[in-house]
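Residue numbers (my numbering): 1 to 114. Just so you know, even glycine gets a beta-carbon here, dropped at the ideal spot from N, CA and C.
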Amino acid sequence: MPLITIEAARRQVNLLESETFQDPYLQQLMAAVEAHIRRRLNCTFFETAAEYEAADPKPPKAIIIEESQDLTHAALLLLAHWFTNREAVSTVQMVEVPAAFESLIFEFRDLAIG
């Protein structure tokens, strides 16, 4: 199970279920978001606690997705941001604002199993 489902990604960017023309791009973003979060947290994701318990050998740091709704929400926020802001430049003056994504993943740095 990925961190984000295609249905959740569509809802996050306000696409109808029938609007599947963006699915290839959304799937690319889903994979990039998950990889980005794994690198930021230096961890491995498991769908369930049972999947983690069955892992041999166990990774040094693990996060169980079904127990981490706030991490899933952070992933959705990042996906929507990347979906909306596809370019590296803007004609509008950009300023940094406190990111909900950073707030949501901060605690996971120390809470990963292992």
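Judging by CA-CA distance, which residue of the options is the nearest neighbour of residue i?
i: threonine 72; options: Glu19, Arg109 and Glu34; result: Glu34
i: serine 103; options: Ser18, Ile37 and Ala8; result: Ile37
i: alanine 8; options: Leu41, Ala62, Lys61 and Ala74; result: Ala74
i: leucine 76; options: Ala99, Ala54, Pro57 and Ala62; result: Ala99
i: alanine 50; options: Ile65, Leu16 and Val92; result: Ile65
Please classify residue i as buried or exposed, where buried requires at least 16 other C-beta atoms within 10 Å of its C-beta.
i: leucine 29; result: buried
i: serine 119; result: Outside the shown range of the chain (1 to 114) lies residue 119, about which nothing can therefore be said.
i: leucine 26; result: buried
i: leucine 115; result: The question about residue 115 has no answer, for the chain in this structure spans 1 to 114.
How about residue i and residue j: are their beta carbons less than 8 Å apart?
i: phenylalanine 101; j: leucine 78; result: yes
i: isoleucine 43; j: alanine 62; result: In the sequence on display, residue 43 carries cysteine and not isoleucine. Yes, they are a contact pair.
i: phenylalanine 83; j: leucine 41; result: no
Check residue i in the structure and name its three-state DSSP category.
i: alanine 55; result: coil
i: isoleucine 37; result: helix
i: threonine 44; result: strand
i: alanine 99; result: coil
i: isoleucine 6; result: helix
i: alanine 88; result: coil
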